[in-house]
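According to our numbering, the sequence shown is numbered sequentially starting from 3. Quick reminder that beta carbons are idealized off the backbone N, C-alpha and C, glycines included.
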Amino acid sequence: EALNNGIGEAVNFLSAKDGYFKSPYKILLPQEAQNVVSKLKAVPGFSNVEADLTERMNRAAEDAATKAKPIFVKAIKDLTFQDALNILMGNQDAATRYLEKSTYSPLYAEFKPIIQASLDKVNAREYWKSAVTAYNKIPLVTKTNPELDDHVTKMALKGMFELVQKKELGIRSDVSQRNSDILKKVFAKQDKK
3 EALNNGIGEA
13 VNFLSAKDGY
23 FKSPYKILLP
33 QEAQNVVSKL
43 KAVPGFSNVE
53 ADLTERMNRA
63 AEDAATKAKP
73 IFVKAIKDLT
83 FQDALNILMG
93 NQDAATRYLE
103 KSTYSPLYAE
113 FKPIIQASLD
123 KVNAREYWKS
133 AVTAYNKIPL
143 VTKTNPELDD
153 HVTKMALKGM
163 FELVQKKELG
173 IRSDVSQRNS
183 DILKKVFAKQ
193 DKK
């Protein structure tokens, strides 16, 4: 129940408009792209390249986040009694680490095509291709072509797990966030350890 609560809140928050874009989980351009952006700001038609791409990447992550809950729910249903005990008596982020270990690959596989489609929906990949092509025409620069889809997918998952961890910590440390009798009973045992 604690895992479901934390996951539900995290997924709902991040999948809402501006869930990533206007939050601490905002996805920024990859480091390799910073060289491209700094040079392209002077090229006509690309003065807003960083702001445009950043918004488009975050919208793609928000679209993908809607698909996370079933994957998390399956991982929770697959919990063994020993897993549950280890989580309960483990570190402050034991549930998050369990979820990350058991869901990262399926989440990545689910998120990446959605992110690709979302980036295509707002022409972000085409925009990035145009930006990189323009950049690569600048004399004496190192040619670049960073993988935008992979970066957005990894950063979307990083933000998702950071928010789940924050929710877990809240439930573990703040009695008022234990909003059901079962949570109160279960975590009373953890509080005594």
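Inset, instruction - Kindly list the residues whose CB is nearer than 8 Å to the CB of A18, restricted to its own chain and excluding five residues on each side of it in sequence; keep chain order. - result: E64
Inset, instruction - Select from F74, A133, K145 the residue whose C-alpha is nearest the C-alpha of E11. - result: F74
Inset, instruction - Report yes or no: is there a C-beta of chain B within less than 8 Å of the C-beta of M162? - result: You won't find chain B in this structure, because it holds only one protein chain.
Legend entry - In chain order, each alpha helix (DSSP H) run of at least 4 residues that lies wholly inside the region 57-101: 70-79, 83-91
Inset, instruction - Would you tell me roughly how many angstroms separate the C-alpha atoms of D152 and S178, rounded to the nearest one? - result: 38 Å
Inset, instruction - Please list, in chain order, all residues of the same chain as E102 whose beta carbon is under 6 Å from its beta carbon, the five residues on each side excluded. - result: F163
Inset, instruction - Following the continuous alpha helix (DSSP H) through S175, name the residue where it begins and the one where it ends. - result: 150-175
Legend entry - At least 3 beta-carbon pairs within less than 8 Å: the region 40-52 vs the region 76-85: no
Inset, instruction - Quick one: measure Cβ to Cβ for A77 and L121, integer angstroms, because I've assumed they're closer than 8 Å. - result: Not a contact, Cβ separation roughly 27 Å.
Legend entry - E34 - containing alpha helix (DSSP H), residue span: 33-42
Legend entry - Limits of the unbroken alpha helix (DSSP H) element including S132: 126-138
Inset, instruction - Within its chain, find whatever has a CB closer than 8 Å to the CB of E215; leave out the 5 residues flanking it on each side and keep chain order. - result: No answer is possible for residue 215: it lies beyond the span of the chain, which begins at 3 and ends at 195.
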